[in-house]
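Asks: Handing you a structure now.
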């Protein structure tokens, strides 16, 4: 029975990936066909299925700390599933029809654009890629990212550590993520993601509870005169404190 279930789930995953690729191809062919909210809400449904498939239950706290309009979301990064968790956590927390799910815009390393399925997936959420080996291009893309977030009033998601940190401790928070907030006068919402390291662990048999906590926003007026590295340390300290209190 277990083998039958695993085969069924495997084919279900393949079918969902096919659906995502087909949706992305249709969007690339005619970008005006799907409104950003349509694309976001469609992916949100797929994220919900993905998390269920891997036995993950997401607990969302502090949603009301996200200001209205354009904002920078700065989470810690422990797992490849973290972007899915952020997408899922930005769903509206009410059934009121006039309130919409928040739309994320991701800043991602350029290596991800070279993987077809990942490229198709990220194209649906207006991802901007950064070549970390090319400082001049990185600055250009950071500016492009900030302008896009501000113009479209989305939630700009930047993982300040720059990559997954497999150890329990937090990695170094890079200053670049916060230069975007300073130059575009955008509030910053630190986000603490706890217990996501085992999300994709094939040996895990039990339901995994992952908490995504949106911490109080830092308003631009409070950090506009600070050096980006000082802001980075402040955000890191807030996330560290939240994780230690779990």
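In UniProt numbering, the protein residues as written are 1 to 246. Note that the Cβ used here is the ideal one computed from N, Cα and C, for glycine as well.
For residue 197, is the classification buried or exposed, using 16 other Cβ atoms within 10 angstroms of its Cβ as the cut-off for buried?
Replies: Residue 197 should be labelled buried.
Asks: Can you tell me which of the three DSSP states residue 66 falls into?
Replies: Note: residue 66 maps to coil in three-state DSSP.
Asks: Classify residue 79: buried if its beta carbon has 16 or more other beta carbons within 10 angstroms, exposed otherwise.
Replies: Buried, by the Cβ-count rule.
Asks: Just the C-alpha distance for residue 25 and residue 61, rounded to the nearest angstrom, thanks.
Replies: Their backbone Cα atoms lie some 35 Å apart in a straight line.
Asks: To which residues of the same chain is residue 242 closer than 7 Å at the C-beta, ignoring the five residues directly before and after it?
Replies: Result list for residue 242: 192, 213, 215, in chain order.
Asks: Would you mind working out which of 102, 16, 40, 187 sits nearest residue 221, comparing C-alpha positions?
Replies: The residue with the shortest Cα to Cα distance from residue 221 is 187.
Asks: Between residue 229 and the rest of its own chain, which residues show a CB-CB distance below 6 Å, the 5 nearest in sequence each way excluded?
Replies: These residues qualify, in order along the chain: 175.
Asks: So who's on the other strand from residue 33, going by DSSP bridges?
Replies: Paired residues: none, contrary to the question.
Asks: Is there contact here, the segment 200-213 with the segment 149-160, by at least three beta-carbon pairs under 8 Å?
Replies: No, the segment 200-213 is not in contact with the segment 149-160.
Asks: Report back the beta-carbon spacing between residue 42 and residue 23 to the nearest angstrom; my notes put them in contact at under 8 Å.
Replies: Indeed, because the Cβ distance is near 7 Å, the residues count as touching under 8 Å.
Asks: Who are residue 209's beta bridge partners in DSSP?
Replies: DSSP lists 57 as partners of residue 209.
Asks: Could you check if residue 98 is buried or exposed, using at least 16 other CB atoms within 10 Å of its CB as the buried criterion?
Replies: With fewer than 16 Cβ atoms within 10 Å of its Cβ, residue 98 is classed as exposed.
Asks: Which residue from 75, 64, 66, 20 puts its Cα closest to that of residue 236?
Replies: Checked all of 75, 64, 66, 20; the closest Cα to residue 236 is 75.
Asks: Put residue 193 into one of helix, strand or coil per three-state DSSP.
Replies: Looking at residue 193 - three-state DSSP - the assignment turns out to be strand.
Asks: My assumption, with CB atoms under 8 Å, is that residue 130 sits in contact with residue 141. Please give the rounded CB distance.
Replies: With 8 Å as the limit, residue 130 and residue 141 qualify as a contact, their Cβ atoms being about 5 Å apart.
Asks: Is DSSP giving residue 214 helix, strand or coil here?
Replies: Strand, per DSSP.
Asks: Which residues in the same chain as residue 19 place their Cβ atom closer than 7 Å to its Cβ, once the five residues preceding and following it in sequence are excluded?
Replies: Around residue 19: no qualifying Cβ.
Asks: Rounding to the nearest angstrom, what Cα-Cα distance links residue 101 and residue 227 in this structure?
Replies: Going by the C-alpha atoms only, they are around 33 Å apart.
Asks: Would you list the residues sitting across from residue 27 in a DSSP beta bridge?
Replies: Per DSSP, none; premise fails for residue 27.
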